[in-house]
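To start, the structure itself, in structure tokens.
Chains as they are written, first to last, in this note's numbering: chain Z, 1 to 90; chain H, 1001 to 1388.
Now the structure itself:
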């Protein structure tokens, strides 16, 4: 499945793009493909095999915890949004 | 949703009717709604990027009482976005310029200022007298403290945050939806998430996000429309796009879940790992700006490694330093000699600490971190380098 990953501002210096198209049958596959393409993301998103607790991943509008987690299957054209915590107010 | 605030019985004065006439002719506000606004009290945590538009628009709208918690003074680098503070306010407490400008916009507003840092020692006492809280803080310990205090006191907490060209906003209110901890159960490790001071922010962005927060506050007071409860609004200024994500209440949330384990405020600095990070920094080899000046003057051979981004490098740099942005270090560290004495620096010392740790892991034995970064160098040694 070909899906779009929306890249938040905090990670754009690594990807150089605001969105990235990847292939994957599940959230886990898509994220691993994403990280393989940009290895510097590994430490920002994952702690070992697990997503860091302050990184939220959404499939379309729904957080993946309320779907099937990282096993959630994907369909062509799905949009994955990575939402890292933002503590700043300017 | 029912209005948060009761309507006071006394009528508006002639001057108030003229001032608020564009509100009064809105059926959703009217005289009764305007009296609700006048009877409302709102506490703003922070008088910075978000706090500026919040204070200005909420006072113009006729909110009866605004409280402002901030212990900072105005810095020249604030003026690009913190529009409640003016050039002549640099070096003075933010709460002074905030109060002056609120009173200038609307003398009917009662302004209470608190020249303090919100913490678990004072949060409940500060928040309790107010009807709702708007979070415009710039650090994680205060965000978690504000959240927990609002949950414990049953107050709505209107959230906003900004970074570079992106912003987030939501309404957290445990009695009606999720809280901040439902979204982010744990804070990131210090230094892993850059601040606006490190990453930059479009000056207009806090205006947009702050106005969204102010809009939500007024809707809650009036009981009009659909509150941003259970929804996280994402704004991207470069795409000029708003997106919305669903937020759910976490039944296991330690503060607002079904079996809360957090029933009083905690040490939020500790929770966010701040003392541990400071201790780690103190333990690591570091060099002060004065020591570096002395070593350079003595002709000691040093490699100065600048791990800031190229656009920061353009603002100013230490003499004869090597430019290698933090993200490039893992791919370029073989340009350095592991036997050399290296001093790593960034803007304030946080990113360079991470670079130092990385290089030490690669076997570099003589890497020191410049304490306080180039900002400290500019303040103590070379005033010709701009602070940013």
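Note that beta-carbon positions come from the ideal geometry of N, C-alpha and C, so glycine has one too. It should be emphasised that the depicted structure is a prediction, and the values quoted were computed from it without experimental measurement.
Taken in chain order, the whole alpha helix (DSSP H) runs of length 4 or more contained in the region 1121-1147 of chain H are 1123-1127. Burial of residue 1042/H is indicated by the presence of at least 16 other C-beta atoms within 10 angstroms of its C-beta. Judged by DSSP secondary structure, residue 1182/H falls within the alpha helix (DSSP H) whose first and last residues are 1180-1183. Ranked by how close their Cα comes to the Cα of residue 16/Z, the residues 1341/H, 1022/H and 1327/H have 1327/H in first place. At least one C-beta of chain H is nearer than 7 Å to the C-beta of residue 54/Z. The three-state reading of DSSP puts residue 1337/H in coil, since its state is none of H, G, I, E or B. Closer than 9 Å at the C-beta level to chain Z, one finds no residue of the region 1089-1101 of chain H.
Taking a Cβ-Cβ cut-off of 8 Å, residue 1104/H has no neighbours in chain Z, whose nearest Cβ is about 22 Å from it. Annotation for residue 1366/H: 1341 place their beta carbon closer than 6 Å to its own, counting only its chain and skipping 5 residues before and after. Its Cα nearest to that of residue 1059/H, the residue 1214/H stands out among 1259/H, 1241/H, 1231/H and 1214/H.
DSSP places residue 1013/H in no alpha helix (DSSP H); its state is neither H nor E. Listed along the chain, the chain H residues whose CB falls inside 7 Å of the CB of residue 62/Z are 1246.
Residue environment: residue 1086/H is assigned as exposed (fewer than 16 neighbouring CB atoms within 10 Å of its CB, all protein chains considered).
The beta-carbon distance between residue 1173/H and residue 1229/H, rounded to whole angstroms, is 6 Å. This is short enough to meet the 8 Å contact definition. With contacts defined as CB atoms closer than 7 Å, residue 1181/H and residue 1255/H qualify as a contacting pair.
For residue 1114/H, the nearest beta carbon of chain Z is not closer than 7 Å to its own beta carbon. Within the region 1197-1257 of chain H, the complete alpha helix (DSSP H) segments of 4 residues or longer fall at 1205-1222, listed in chain order.
In the DSSP annotation of this structure, the continuous segment of the alpha helix (DSSP H) that includes residue 1022/H starts and ends at 1021-1024. Measuring C-alpha to C-alpha distances from residue 1308/H to each of 1353/H, 1334/H and 1302/H identifies 1353/H as the nearest. Chain Z places no beta carbon closer than 7 Å to that of residue 1308/H, leaving this residue out of the contacts.
Judged by their CB atoms, residue 1035/H and residue 1077/H are not nearer to each other than the 7 Å cut-off. Contact with chain Z is absent for residue 1159/H, since none of that chain's Cβ atoms lies less than 7 Å from the residue's Cβ. By the criterion of at least three beta-carbon pairs nearer than 8 Å, the region 73-86 of chain Z is in contact with the region 1-15 of chain Z.
For residue 1163/H, the three-state secondary structure derived from DSSP is strand. In the same chain as residue 1265/H, and ignoring 5 residues on each side of it, the C-beta atoms closer than 8 Å to its own belong to 1120, 1123, 1124, 1145, 1148, 1149 and 1152, in chain order.
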